[in-house]
Amino acid sequence: DVKVTQSSRYLVKRTGEKVFLECVQDMDHENMFWYRQDPGLGLRLIYFSYDVKMKEKGDIPEGYSVSREKKERFSLILESASTNQTSMYLCASSCQGAGCTDTQYFGPGTRLTVL
Amino acid sequence: GENVEQHPSTLSVQEGDSAVIKCTYSDSASNYFPWYKQELGKGPQLIIDIRSNVGEKKDQRIAVTLNKTAKHFSLHITETQPEDSAVYFCAAVYFGNEKLTFGTGTRLTIIP
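The listed protein sequences derive, respectively, from chains F and Z. The first sequence begins at 41 in the working numbering and counts up by one. The second sequence begins at 86 in the working numbering and counts up by one.
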């Protein structure tokens, strides 16, 4: 089974702090994604990566950056956390190439609260 | 880009009855439509998907139908059970594009 893990289930930070959210997948997937989930808004894509050191902006990249130094790990960085970044953050991965679909496999999520 | 609308946002049904959730999409090039179930405290999990070359797909109590002309697809759950209570998301993508566009979710509650 595909396993996607996220470093924290719950996180509380203060405004202005730098925040790192880590995601690791164990299925050698090329694609990795970061979403935020807010009530009534569904899942909105922040950034995604289709290869090591590659990244592309999603629909709401402002205030975020990402890092993908290794294939299995994708980090989301909030350079200076703000209260409007309080949300549930979900990481996902999917494979590329023959035999792959666009099915994404999700981690359990990190609920971030910025005070 | 793609836009996916999902209705209703909340749905309550008696245990044993059927539930239907509907989604419409805007990009006629989209050809892959997965459905995800998110239980409390967990990430979304794929429960069924359909490609544009078929009109219906079933897996035990769940089914998905696709109308390409009208650009809408639906999730059908029959003989609902308490464990079906969850938030359900539809999504659409042009296969190979890799970026799914999600609907806003439906909170389904099964009333015992």
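Built from N, CA and C at the ideal position, the CB exists for glycine as well. Computed from a prediction, not measured in an experiment: that's the story for all the values here.
Practice prompt. Could you check what DSSP says for N124 (chain F) in three-state terms: helix, strand or coil?
Written response: Start at 1 with the first residue of the first sequence, and residue 124 (chain F) comes out as number 84. N124 (chain F) falls in the helix class under three-state DSSP.
Worksheet item: Mapping DSSP to helix, strand and coil, what is D211 (chain Z)?
Response: Nothing about residue 211 (chain Z) can be reported from this structure: the residues present for chain Z run from 86 to 197 only.
Worksheet item: Could you give the distance in angstroms between the alpha-carbon of L51 (chain F) and the alpha-carbon of L61 (chain F)?
Response: Taking the first sequence and counting its residues from 1, one reaches residue 51 (chain F) at position 11. Taking the first sequence and counting its residues from 1, one reaches residue 61 (chain F) at position 21. When rounded, the distance between both Cα atoms is 9 Å.
Worksheet item: Can you give the beta carbon distance from E87 (chain Z) to N71 (chain F), rounded, assuming they're within the 8 Å contact cut?
Response: Within the second sequence, numbered from 1, the residue matching residue 87 (chain Z) stands at position 2. Within the first sequence, numbered from 1, the residue matching residue 71 (chain F) stands at position 31. With a Cβ gap of about 17 Å, E87 (chain Z) and N71 (chain F) do not count as contacting.
Practice prompt. Note down the Cα distance separating S3 (chain F) from E96 (chain F), rounded to an integer number of angstroms.
Written response: Nothing about residue 3 (chain F) can be reported from this structure: the residues present for chain F run from 41 to 155 only.
Item to complete: Ignoring anything shorter than 3 residues or poking outside the stretch 43-68 of chain F, list the beta strand (DSSP E) runs there in chain order.
Response: Given a length threshold of 3 residues, each whole run of the beta strand (DSSP E) inside the stretch 43-68 of chain F is given here in chain order: 44-46, 50-53, 59-65.
Worksheet item: Can you tell me the Cα-Cα spacing of S94 (chain Z) and T194 (chain Z), whole angstroms?
Response: For the purposes of this step, residue 94 (chain Z) is taken as the residue at position 9 of the second sequence. For the purposes of this step, residue 194 (chain Z) is taken as the residue at position 109 of the second sequence. Each residue's alpha carbon lies about 11 Å from the other.
Practice prompt. Confirm, please, whether the CB-CB distance from L185 (chain Z) to Y173 (chain Z) is below 8 Å.
Written response: Translated into the one-based positions of the second sequence, residue 173 (chain Z) becomes position 88. Translated into the one-based positions of the second sequence, residue 185 (chain Z) becomes position 100. Against a cut-off of 8 Å, the Cβ pair of L185 (chain Z) and Y173 (chain Z) comes out as no contact.
Discussion item. Given the structure, does L85 (chain F) come close to the ligand ADP, in the sense that its CB is under 7 Å from one of the ligand's heavy atoms?
Written reply: In the structure on display, the ligand ADP does not appear, and there are no ligands present to speak of.
Fill in: Assigned exposure category for P79 (chain F) - 16 Cβ within 10 Å defines buried
In the first sequence, residue 79 (chain F) corresponds to position 39, counting from 1. With fewer than 16 Cβ atoms within 10 Å of its Cβ, P79 (chain F) is classed as exposed.
Worksheet item: Are there 16 or more other CB atoms within 10 angstroms of the CB of V139 (chain Z), so buried, or fewer, so exposed?
Response: Counted from its first residue, the second sequence places residue 139 (chain Z) at position 54. Of the residues assessed, V139 (chain Z) falls on the exposed side of the cut-off, its CB having fewer than 16 other CB atoms within 10 angstroms.
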